[in-house]
Amino acid sequence: MSENVVSGESIIIRTVVGMLYPFMLLLGFYVIINGHYTPGGGFQGGSVLATLFVARYVVFPVDDTDSERLHTIQRVFLMLILVIPTALLFTGVVTRYPALRGPYLTLMDLLIGVQVGFGLGVAVLRFAFFQGVGKTWHL
Amino acid sequence: MIEVGTLILMGVFAALAIHSSLIRLSVIYLAVFSLLAAFLYVLFAAPELAIAEAVIGSGLVTLLYLAALKRGHVYTIGVVTQDDRVPDSYVDRIERSSAIRVIRDFFIRREFETQIVFITVPTEQALVDPAYDLVLAEVGDDLVVYTDEESYVMVELELVFQLHDSMSQIKFIRYSPEAVL
Amino acid sequence: MRRFLAALLVVGTFAIVTVVSVRNRVELAPFTYDYIVQNFHDDTDSKNAVAAILLSYRMYDTMFEALILLAAIIGMTQFLPRPSDMNGDARSDAAQEPEDAADE
C-alpha cells in the first residue's frame, strides 16, 4: 500500500531539499577539508554528510541504498585511520618533515569525515527503514 | 546576560519536552532544546561542539525519533466500498462524518495517527488483510465497524460512541479472526 | 507527596553538587594548556588548536572513537533484522492469505 507511493512528502519539501542537496554536500566537504583552519573537522563534516542520506530518505523513501557496500567502505576507511597515523605520526615521520604536516591533517580529516558520515548514514537508514516485527495493531 | 536567557529557555523547553501530552511535540521541543544548546556552545566559544550538536542533536536524532514514531503509530482504517470505483463525493462524505471524527479523536488520544484507505475488495478479504487494522463498511444508511471480539479497546470505542450519543449512525459487529480465516 | 519528595531529592542533589564543586574548585596544573597553546602551530602546522589536539596530540582518542563507531554499526547491522527479509516475509504472507480466503 505505502510501497506504491514513491514520496509521501509535499512538493515544497521535495523541491527545497532537492535544491539544498548539492549545497549540503559542499558544506560537508568544506567543513571536513578546512578542519585545521576553521572550526569543524572530520566528525562534524561527517555528520553533515550523514544528513545527506537523511535528506534523500525524506525526499525519496525507497530503500535502494546498498548499506552493505557503505559498511565495507567504512571498514576500509577505519583500517586506513588506524594504519596511517601508526605509520606516519607515531614513527615520527610527520615531526621530522614539516612539509608533510598540512597534507597529513587534511588526509586524516577526510578519512575520519567519510568514515563517520557513512557510519551515521548507515545507522540512520537502517533505523528509518526498519520494518518492525509486525505492523498490525491488535488493540 | 544572553547566556542566562538561553539557559532559562533551555530549561523551559526541557520541561515542555517532558510534560507535553503528545510524543510528536516532545520531539520538536527536544530539537529546539538542541538548537539552543548549540547556540550556547557558540556563546561559550566552542564552535566545533556547536556544529556537532546542531547537526546531530536537531538533525539526525530528531529524524530518528520521527521515523520511529511514523513506523510505530499509524493506525490504518480500511473503508470498504461496494462499487468498483470510489467517487470523490463519497470520500468527502465519509471523511467529514461525525463517526469518523470520533474514531480519529479516540486514536489521537492514544497517540495513534489514523490514515483512512478506501478499498474496493470484499469485506472478508479486507478483514484478513494485515494491512488494515480496522475495517469499516457502509451498509444501508449506517457505518458498520468490524471489531475483534476479544479486543478491550474496541469495547472502549463503543462506549465512547454511546457517551457521544451517536450510536444511531454506527453499528459494531464482532467477529473472531479465526472464524474468518 | 511522593512526587514532591522525588523533586526535593533531585533539586537537593543538584544544589549539594553545585555547592561542593564551587567550594572545592580544582585548579588544573596549567602546563599542558600553556604548552599546547604556545606550541601547537609549530608542532602540527595547524591553525586550529582543537584540530591539532584531535589529530596529533591525542591521536589515540580519535582512533578509538572511530573504532567505537564501527563497533556500534557492526552491532546494528548484525542484530537488526534486514529490511529486505522483513519485506519479503510480509509480502509473501499478504499474497497468500487473500488467495486462501478466495478459495474457501
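Protein chains in written order, with my numbering: chain A, 35 to 173; chain B, 16 to 196; chain C, 98 to 201. C-beta atoms are modelled at their ideal positions from N, C-alpha and C, and glycine is treated no differently. None of the values given here were measured: they were computed from a predicted structure.
Exercise for review: Give the residues of chain A in contact with alanine 82 of chain B, contact being defined as C-beta atoms less than 7 Å apart.
Suggested key: Phe161 and Ala162
**Study point:** valine 93 of chain A vs arginine 48 of chain A beta-carbon contact at 7 Å
**Key:** yes
Check your understanding: From the beta carbon of phenylalanine 81 of chain A, is the nearest beta carbon of chain B less than 7 Å away?
Key -> For the record, residue 81 of chain A in the displayed sequence is serine; it is not phenylalanine. Yes, its Cβ sits closer than 7 Å to a Cβ of chain B.
Practice item. Could you list the residues in the region 72–98 of chain A with a C-beta less than 7 Å from some C-beta on chain B, going in chain order? Key: Pro73, Gly74, Gly75, Phe77, Gln78, Ser81, Val82, Ala84, Thr85 and Val88
Exercise for review: Flag this pair as yes or no: are the beta carbons of serine 81 of chain A and isoleucine 71 of chain B separated by less than 7 Å?
Suggested key: yes
Review point. So, does the CB of aspartate 67 of chain B fall closer than 7 Å to a CB anywhere in chain A?
Key: For clarity, residue 67 of chain B is alanine in the given sequence; the question names aspartate instead. Interface residue, yes.
Point to revise | Best match in B:Ala141, B:Tyr90, B:Ile43 and B:Ala53 for proximity to arginine 124 of chain B [C-alpha to C-alpha] | key: Minimum Cα distance to arginine 124 of chain B is reached at B:Tyr90.
Point to revise | Near-chain C residues of the region 49–61 of chain A (beta-carbon distance less than 8 Å), N- to C-terminal order | key: Cβ contacts with chain C: none found.
Practice item. Using only the heavy atoms of the ligand FMN, determine whether one of them is closer than 6 Å to the beta carbon of phenylalanine 124 of chain A. Key: Ligands displayed in this structure: none; no statement on the ligand FMN is therefore possible.
Review point. From what residue to what residue does the beta strand (DSSP E) around arginine 189 of chain B run?
Key: 185–190
Point to revise | Cross-strand partners of phenylalanine 87 of chain A (DSSP beta bridge) | key: Phenylalanine 87 of chain A pairs with nothing; no bridge assigned.
Check your understanding: Would you say isoleucine 170 of chain C reaches chain A, if we count a Cβ-Cβ gap shorter than 7 Å as a contact?
Key -> yes
Practice item. With 7 Å as the C-beta to C-beta threshold (strictly closer), list the residues of the region 117–138 of chain A near chain C in chain order. Key: Pro119, Leu123, Pro132, Arg135 and Gly136
Check your understanding: Mapping DSSP to helix, strand and coil, what is alanine 199 of chain C?
Key -> The predicted model places alanine 199 of chain C with a pLDDT of 40, which falls under 50 and marks its position as unreliable, so this point remains unresolved.
Check your understanding: Which chain A residues are close to aspartate 158 of chain C, counting only those with a beta carbon under 9 Å from its beta carbon?
Key -> What aspartate 158 of chain C touches in chain A: nothing, since even the nearest Cβ is about 11 Å away.
Check your understanding: So, helix, strand or coil for glycine 185 of chain C, using DSSP?
Key -> Low confidence applies to glycine 185 of chain C: its pLDDT is 46, below 50, so where it sits in the model is not reliable enough to give any reading.
Check your understanding: What residues are listed by DSSP as bridge partners for glutamate 68 of chain B?
Key -> Paired residues: none, contrary to the question.
Review point. What is the DSSP secondary structure of threonine 138 of chain B, reduced to helix, strand or coil?
Key: helix
Review point. Cα-Cα, which of B:Phe54, B:Ser41, B:Leu45 and B:Thr135 is closest to alanine 65 of chain B?
Key: B:Phe54
Point to revise | Beta-carbon neighbours of leucine 144 of chain A, restricted to chain C and to distances below 8 Å | key: In chain order: nothing, as chain C lies at least about 11 Å away.
**Study point:** Residue burial classification, asparagine 121 of chain C (beta-carbon count within 10 angstroms, cutoff 16)
**Key:** exposed
Practice item. Tell me, please, whether the CB atom of valine 70 of chain B is closer than 7 Å to any CB atom in chain A? Key: yes
Review point. Just the Cα atoms here: how many angstroms apart are isoleucine 113 of chain C and tyrosine 91 of chain A?
Key: Taking the straight line joining both Cα atoms gives about 46 Å.
Check your understanding: For arginine 160 of chain A, which residues of its own chain have a beta-carbon under 7 Å away from its beta-carbon, when the five flanking residues on both sides are left out?
Key -> Ser101
Review point. Leaving out five residues before and five after glycine 185 of chain C in sequence, what residues of the same chain have Cβ atoms less than 7 Å from its Cβ?
Key: Note on glycine 185 of chain C: pLDDT 46, under 50, position unreliable in the model; the coordinate value appears next. The answer is none, since no qualifying residue turns up.
Practice item. Would you decide whether alanine 192 of chain C is buried or exposed? Buried here means 16 or more other CB atoms lie within 10 Å of its CB. Key: Legend: pLDDT at alanine 192 of chain C = 41, less than 50; position of this residue unreliable, no value from coordinates given.
Review point. By a C-beta neighbour count over all protein chains shown, 10 Å radius and 16 as the cutoff for buried, is glutamate 18 of chain B buried or exposed?
Key: Flag for glutamate 18 of chain B reads exposed.
Check your understanding: Using the beta-carbon count (16 or more within 10 Å), is valine 128 of chain A buried or exposed?
Key -> Result: buried.
Exercise for review: Using beta-carbon positions only, say whether aspartate 143 of chain A and glycine 75 of chain A come within less than 7 Å of one another.
Suggested key: yes
Exercise for review: Note down, in chain order, all residues in the region 128–147 of chain C with a beta-carbon under 8 Å from any beta-carbon belonging to chain A.
Suggested key: Correct list: Asp140, Thr141, Asp142, Ser143, Lys144, Asn145 and Val147.
Check your understanding: Rounded to whole angstroms, how far is the Cβ of isoleucine 134 of chain B from the Cβ of valine 94 of chain B, which I believe are closer than 8 Å?
Key -> 7 Å
**Study point:** Under 9 Å by beta carbon: chain A residues contacting methionine 173 of chain C
**Key:** Val156, Ala157, Arg160 and Phe161
Point to revise | Rounded straight-line distance, which links the Cα of aspartate 142 of chain C to that of tyrosine 71 of chain A | key: Spanning the two alpha carbons is a distance of roughly 10 Å.
Exercise for review: Starting from the Cα of tyrosine 198 of chain B, find the closest Cα among B:Pro137, B:Val132 and B:Asp157 and give me that residue.
Suggested key: The first residue shown for chain B is 16 and the last is 196, placing residue 198 of chain B beyond what the model contains.
Review point. Taking buried to mean at least 16 other C-beta atoms within 10 Å of its own C-beta, is tyrosine 161 of chain B buried or exposed?
Key: buried
Practice item. Within its chain, find whatever has a CB closer than 7 Å to the CB of arginine 189 of chain B; leave out the 5 residues flanking it on each side and keep chain order. Key: Thr162 and Glu164
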